[in-house]
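What follows is a short report on a single structure.
Protein chains: 2
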Amino acid sequence: MDESWVNSAERIGADLHLELSGPRVGRAALIRALRDAVRSGRLAPGTRLPPYRSLAADLGVARNTVADAYAELVAEGWLAARQGSGTRVAMGVPPTPLRQWGSSEAPRHAGRVPRTGPPRARGPRHDLRQGTPDASAFPRSAWLTSYRRALQQAPNEVFGPGDPAGRVELREALTEYLARARGVHTEPCRIVVCSGFAHALRLLFGGGVLRGPLAVEAYGLGFHRELLRAAGVRTVPLPLDEHGACVDRLGRERAVLLTPAHQFPTGGPLAAGRRSAVVDWARARGAVVLEDDYDGEFRYDRKPVGAVQGLDPERVIFMGSVSKSLSPAVRLGWMVLPERYVDDVLAAKGEREAWASVLDQLSLADFLSSGSYDRHVRRMRQRYRGRRNRLVAALATHAPHVEVSGVAAGLHAVLRLPPGTERSTVKAAAWQGVALDGLAEFRHPETDMPAGEGLVVGYATPPEHAYGAALDALCGVLPPQVTACAPQPRSPE
Amino acid sequence: MDESWVNSAERIGADLHLELSGPRVGRAALIRALRDAVRSGRLAPGTRLPPYRSLAADLGVARNTVADAYAELVAEGWLAARQGSGTRVAMGVPPTPLRQWGSSEAPRHAGRVPRTGPPRARGPRHDLRQGTPDASAFPRSAWLTSYRRALQQAPNEVFGPGDPAGRVELREALTEYLARARGVHTEPCRIVVCSGFAHALRLLFGGGVLRGPLAVEAYGLGFHRELLRAAGVRTVPLPLDEHGACVDRLGRERAVLLTPAHQFPTGGPLAAGRRSAVVDWARARGAVVLEDDYDGEFRYDRKPVGAVQGLDPERVIFMGSVSKSLSPAVRLGWMVLPERYVDDVLAAKGEREAWASVLDQLSLADFLSSGSYDRHVRRMRQRYRGRRNRLVAALATHAPHVEVSGVAAGLHAVLRLPPGTERSTVKAAAWQGVALDGLAEFRHPETDMPAGEGLVVGYATPPEHAYGAALDALCGVLPPQVTACAPQPRSPE
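Structural data, given as structure tokens:
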């Protein structure tokens, strides 16, 4: 390979530019193009990548897009970065020649060359990203028992066209479970099974059941906001304070999306007075409260607060899934709906569209009613409580100036950072193979509330044996105690 | 119960009117309301329902909406109809008292009363609706073997956040299988797994990857047209002749949706000259061909024609699913994409959104690569071929004037009927507990091609043991040979 080619930043930019033709050159496309270039050998191991600024200019994208793409690929192990010496292609990534399919003259019967993503075990060394449970703890054998029983006992009609509401066995089991565990008052005919929370949002807003403007918490998942924006829904940020979302700021919105049990990501519960206030607002305005109960089962210091839905089942849409409690791989979630929305949600879902795997639905029904779900949640609650305690203890020892905010709950914690240190800390973490997000990632772009800085640490994500090392690595990248006028870590460009 | 109340058509209309408040009183809502009224006892067994016309006027809906709702509920066993004596609530439907949840004063801890749909085994007596394979033939034990193996061998990362493209194991298995069985030329990185054909359409058009106008075949699934309409896509009908869709009528559309292997529902394959013509059109116009390969594995008289996709993988999006070959309950489908669409489809799918159950994906990958899929398809091909032959033989004996059109393929056949008999035959079938659709159901409302009349008979749907009785019942409702000026069966009003 021509060394001058490999080392020329302009050639790399030009090459990526060709790859990235199209109107949507974003972070994801750039990451894919870079991965491909490494995998195909066009970027050889050890090659130094252009600085953010020049590649950004070559591609006509924001500098942060390039910075984020590099950081992600460092975390995934494709690239390596050392402060001062720039970013290089990691050594030892085996290049996989990719058949070129660009024209219809491509050989018809050329051999199959799978592009299989990064080699196994090439994720970040320490994965502290929020959002997923410990993947090594999936209850394989109990789940298989439920799946086998469900498959063997299923009447034949299970394999025919499905009820778009989802299997009644699952809706019955959820009715019982949600009443007991979350104080949800409903009946099976008010439940619609879907493939997760994002699917629920799409059905409600993309399907024309609800319309905006929708009030949301000033901090939340960007991809939910993006999904809503794509559906033409304007979101209006509600500031957060120590009692949770400031629901007294609600005005003429038609709906509000809240995480009352454990604000995501900042970590506080919605105060009792605000729980009733938001329901009163919805009643007075003919509006609706969307309750995202994403980790409601995981509270460590007390019994979880029940769902707001219990206050008025006709004014609250309660949404949950197994993505935190079992695994996002199962792709099962549910909406508990006021009666008046059921038909419209089913119409939005589409005739004959079950969406979620019917066999998994039956398996989950069995898993719930046999007590396996309770046992699994109990076990994970214990595990995650232990991890949170270890995190708090490690910080007390190694970084006593870094505060863990929020209640003892859920699968993640927010570490408050001194002003001006968040962005550099996230990058420093990536260089050390620690993947996590800064609070800024979750901030609504239009909120006027003061920005706090911090790290969102998903302590549930690593497998049990790797958690200690992840904690050590995390403590190693936290900024030192800031004293007046202390120099800030320099950005790597 | 007050008998005068029960028997008063006006009261029934008024009662349903209350139930049906809201902007979308359609067939589905009316069916639900009527079911609820029967289930709750508000409509007692034996109660005579108002004539279509008067209920339609009461509710402000089309007469056909009421007629269709009655027919559906007759087919489901909730209502009973006899020509001349109107439609009545069926005897012996056990009323289930429904807890009233209309206000927030409803008792919080009232006992759970599941609304579980009609009692089991209360579908139509003879289900000849198209669209589903024989639900009794799902290969439970082979599937469980694959699922167990997949679950046991899965690396832990399977239970973490998924690749929105779907599991690579499945995309690899599909690449191999589709090349072998359908002549599809692709590689795993061009495949995106989804939850079925409707999901694929939503991703392409709802997600902004493709835009209309979209040419479609003049006969096709109404719910696909409806889904496209909801996504703001104008569909332009292409007439069909004995060579399939008239692709020479394609003009400035940006895409065309075809069922080349076996036109749905009319049953002919797309002629060879038209296969290449449509690809040429797409090349010349910068357009794209959507190939809906819904039942491509099921051809009985010869080896199936390969996919049009093989002619030019850069101009054709090939879509398939297991809904016909295994079961719609599995909710797995795939798109084979030209390279230029992959990123946009993944963006439309959403970050971290696998949609389809990851465990089922792994299970299907094993099912494909272990040969279980081939064995199952072979077995079902034999079974459906036998059923089609029995259908043809039964017609030859009992209704020699009724022609079966289309090639020997797929899971359904079209029975051509004499003019003016389709609608009444579908209704007569419903009265006899035979559920099937007329061709009119599938006709694009804007096509100018002459309407043929016929029945779409899903011969795959009944379980094996019930097929003979279903055939007998079908033959019993076919219109007699029409001679000049023969009286048409009267509509039941």
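Protein sequence lines, in the order shown, are assigned to chains R and W.
Under the numbering used here, the first sequence has 487 at position 487, and the numbering climbs by one with no breaks.
Under the numbering used here, the second sequence has 1291 at position 291, and the numbering climbs by one with no breaks.
Virtual Cβ for every residue (Gly too), placed ideally from N, Cα, C.
Is the stretch 213-223 of chain R touching the stretch 248-256 of chain R, taking contact as three or more C-beta pairs under 8 Å? yes
What whole-angstrom Cβ distance do W:P1269 and W:V1305 have, given they're in contact under 8 Å? 6 Å
Using a Cβ-Cβ distance under 8 Å, would W:A1198 count as near chain R? yes
Does any residue of chain R bring its CB to less than 8 Å from the CB of W:L1474? no
Coarse secondary structure for W:T1259, derived from DSSP in three states: coil
Beta carbon proximity, R:A272 to chain W, threshold 8 Å: no
Mind listing which residues of the stretch 48-65 of chain R have their C-beta closer than 9 Å to chain W's C-betas, in chain order? none
Under the three-state reduction of DSSP, which class applies to R:G468: helix, strand or coil? helix
Below-8 Å beta-carbon distance, W:E1157 vs any chain R residue: yes
Mind checking W:S1141: buried by the 16 CB within 10 Å criterion, or exposed? exposed
Please report how far the alpha carbon of W:V1345 lies from the alpha carbon of W:V1209, in whole angstroms. 6 Å
Does R:P462 come within less than 8 Å of chain W when only Cβ atoms are used? no
How should R:A501 be labelled, buried or exposed, when 16 other C-beta atoms within 10 angstroms of its C-beta is the threshold for buried? Nothing in the structure corresponds to residue 501 of chain R, since chain R is present only between 1 and 493.
So, are the CB atoms of R:F138 and R:D292 less than 8 Å apart? no
Can you tell me where the alpha helix (DSSP H) holding W:E1339 begins and where it ends? 1339-1349
Since W:F1318 sits in a beta bridge, which residues does DSSP pair it with? W:E1291, W:V1336
Would you say W:L1471 and W:G1454 are within 8 Å of each other, going by their C-beta atoms? no
Taking the alpha-carbon positions, what's the W:G1117 to W:A1165 distance? Any answer about W:G1117 is weak, because its pLDDT of 41 lies below 50 and its placement is not dependable; what the coordinates show is given next. Whole-angstrom Cα-Cα distance: 35 Å.
Checking 8 Å against the spacing of the C-beta atoms, do W:V1288 and W:R1315 come in under that value? yes
Does any residue of chain B bring its CB to less than 8 Å from the CB of R:F318? The structure shown has no chain B; the protein chains it does contain are R and W.
List the residues of chain W that R:S357 touches, going by C-beta distances under 9 Å, in chain order. S1195, A1329, V1330, R1331, L1332, A1356, S1357, L1359, D1360
At what residues does the alpha helix (DSSP H) containing W:G1196 begin and finish? W:G1196 -> no alpha helix (DSSP H), and no H or E assigned at all.
Beta-carbon proximity list for W:A1399, same chain, < 7 Å, skipping 5 on both sides: C1475, L1478
What number of angstroms, rounded off, separates the C-alpha of R:W78 from the C-alpha of R:A90? 5 Å
Do we get a CB-CB distance below 8 Å when we pair R:P94 with the residues of chain W? No answer about R:P94 holds up, because its pLDDT of 45 lies below 50 and its placement is not dependable.
So which residues on chain W does R:S321 lean against when the C-beta distance must stay under 9 Å? Chain W residues near R:S321: none, gap ~12 Å exceeds 9 Å.
Through-space distance from W:T1235 to W:A1469, alpha-carbon basis: 39 Å
With respect to the beta strand (DSSP E) encompassing R:T235, which residues constitute its N-terminal and C-terminal limits? 235-238
In its own chain, which residues sit with a C-beta less than 6 Å from the C-beta of W:H1444, not counting the 5 before and 5 after it? A1218, P1237
Assuming R:A271 is part of the alpha helix (DSSP H), what are its boundary residues? Premise fails: R:A271 is in no alpha helix (DSSP H) and is neither H nor E.
Proximal residues of chain W, C-beta to C-beta of R:S136 below 7 Å: N1156
Interface residues of chain W around R:Y147 at Cβ under 9 Å? L1144, Y1147, R1148, L1151, L1359
Selection from R:T47, R:A67, R:P45 that minimises the alpha carbon distance to R:L55: R:A67
Residues within the stretch 247-278 of chain R neighbouring chain W, beta-carbon criterion of under 9 Å: none
Following the continuous alpha helix (DSSP H) through W:R1388, name the residue where it begins and the one where it ends. 1372-1398
Chain W within 8 Å of R:L227, Cβ atoms only: yes
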